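Heads up: the sequence shown is residues 1 to 240, going by UniProt numbering. Below is one structure, written out as C-alpha cells; the observations come after it.
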Amino acid sequence: MTESRMKWVPLESNPELFSSWCSSMGLDTSKYAFHDIYGTDAELLAMVPQPVAAVLLLFPITPSMEQLRQAENATAQPSPSDSDILWFKQTIGNACGTIGLLHALANSSASTAIKPGSPLDTLFEKARATQDAHERADILVNSKELQTVHEATASQGQSQAPEDLDNVILHFVCFVRSKNGELVELDGSGGRKGPINRGKKVASQQDLLPVAVDYVKDNYMALNPEEVNFNLIALAPSFD
1 MTESRMKWVP
11 LESNPELFSS
21 WCSSMGLDTS
31 KYAFHDIYGT
41 DAELLAMVPQ
51 PVAAVLLLFP
61 ITPSMEQLRQ
71 AENATAQPSP
81 SDSDILWFKQ
91 TIGNACGTIG
101 LLHALANSSA
111 STAIKPGSPL
121 DTLFEKARAT
131 QDAHERADIL
141 VNSKELQTVH
151 EATASQGQSQ
161 APEDLDNVIL
171 HFVCFVRSKN
181 GELVELDGSG
191 GRKGPINRGK
201 KVASQQDLLP
211 VAVDYVKDNY
221 MALNPEEVNF
231 NLIALAPSFD
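Take a look at the structure:
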C-alpha cells in the first residue's frame, strides 16, 4: 500500500455534529446518539444516559504527551484478547475524529442500530473481511461516502477551521469495553499498532463511563494539568 497523503479538515468536538455524521452514514440516531460529558464529577457523569457504549476523548498532543505515546509505541505488542475488536489504522491526516467515530460504532452495542446496506454497514463488512491493517486503511481512503460525510460535517463546525492542516495538535481517541470486560483505547495514528488494553476492569457496561473518565483524569489530564483543551463525549442511548 502507498501511504495516503490526504489531509482533511478536522472535526469539531461537538455531539450534535457527531450524531449528524452518524445519521448520514447509516446509524439509527433515534436509538443511539452522542452526548456531552460536562465534567468528571459523579453528579455530572450521572447526567449522561446509560449504558454508555463508548467514550471519545479530545486532547492536546503536548511534548510530554508525545514522549509518552512514543514510549508506548516502542514496547506495544498486539493482544490476542483484543482480536475481536475492529481497529483502523489512520493514514488520512486529521481524520482522527472520523476514526474515533468508526471505532465507537464498530466496537459497541451501537452497532446493532446500524441500518442494513448503509455506508457504515458496507464499510464495516469490508473491514471485517481482512485482518490486514493497511488494507483496512485503504478501505477508508477509498470510501467516497466517508470523505463526503466528513467534509460536510467539518464544514458545519462553529469553530474556525485551522489554516495549517499539517500542524493540528488536538487528537481524538476512543474508549470501549472489551468482551472480556476490560478498558480498551482505540487510536489509529501516531505509530499505534492496534487496540491498547489499559489494564482497567470494566465490570459492566454501566461502568465504562466512570472507569474511562478516571483513566483519562489519571493518565491524560494529570500529565498536563495546565491544559484546558480536553473534551469528553459519550456514545449512549438517545434521549429521543
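Glycine included, each C-beta is placed from N, C-alpha and C at the ideal position. On a predicted model such as this, the values are computed, not experimentally measured, just so you know.
- As computed with DSSP, L57 is found in a beta bridge with V173, L232.
- Per DSSP, reduced to three states, the secondary structure at R198 is strand.
- Cβ-Cβ distances below 6 angstroms link G188 to F88, K89, Q90, I99 in the same chain, with the five nearest sequence neighbours on each side left out; the list follows chain order.
- In the DSSP assignment, no residue is bridged to L101.
- Judged by DSSP secondary structure, V216 falls within the alpha helix (DSSP H) whose first and last residues are 208-216.
- Cβ-Cβ separation between Q156 and P51: approximately 29 angstroms, too far for a contact (criterion under 8 angstroms).
- According to the DSSP assignment, A74 belongs to the alpha helix (DSSP H) that extends over 63-75.
- Among the bridge pairs identified by DSSP, L86 is matched with none.
- Non-local beta-carbon contacts of A104 in its own chain, meaning distances under 6 angstroms to residues more than five positions away in sequence, involve A54, C174, L235 in chain order.
- For E227, the three-state secondary structure derived from DSSP is coil.
- Beta-carbon to beta-carbon, N94 and V9 are separated by about 7 angstroms, close enough to satisfy the 8 angstroms threshold.
- For A203, there is no enclosing alpha helix (DSSP H), since its DSSP letter is neither H nor E.
- Per DSSP, the continuous alpha helix (DSSP H) segment holding D121 begins and ends at 119-128.
- Along the length of the stretch 3-44, whole beta strand (DSSP E) runs at least 3 residues long occupy 32-36, reported in chain order.
- Annotation for G199: E182, L183 place their beta carbon closer than 8 angstroms to its own, counting only its chain and skipping 5 residues before and after.
- V184 sits in a strand when the DSSP states are folded into three classes.
- The C-beta distance from I233 to S13 rounds to 6 angstroms, short enough to meet the 8 angstroms contact threshold.
- As computed with DSSP, I114 is found in a beta bridge with L27.
- Residues K89 of the same chain have their beta carbon placed closer than 6 angstroms to that of A133, with the five preceding and five following residues left out of the count.
- For R177, the number of other beta carbons within 10 angstroms of its own is at least 16, and it is reported as buried.
- Between the stretch 114-126 and the stretch 62-71 there are fewer than three inter-stretch CB-CB distances shorter than 8 angstroms, so the stretches are not counted as touching.
- At a Cβ-Cβ threshold of 8 angstroms, S64 and N224 count as neighbours.
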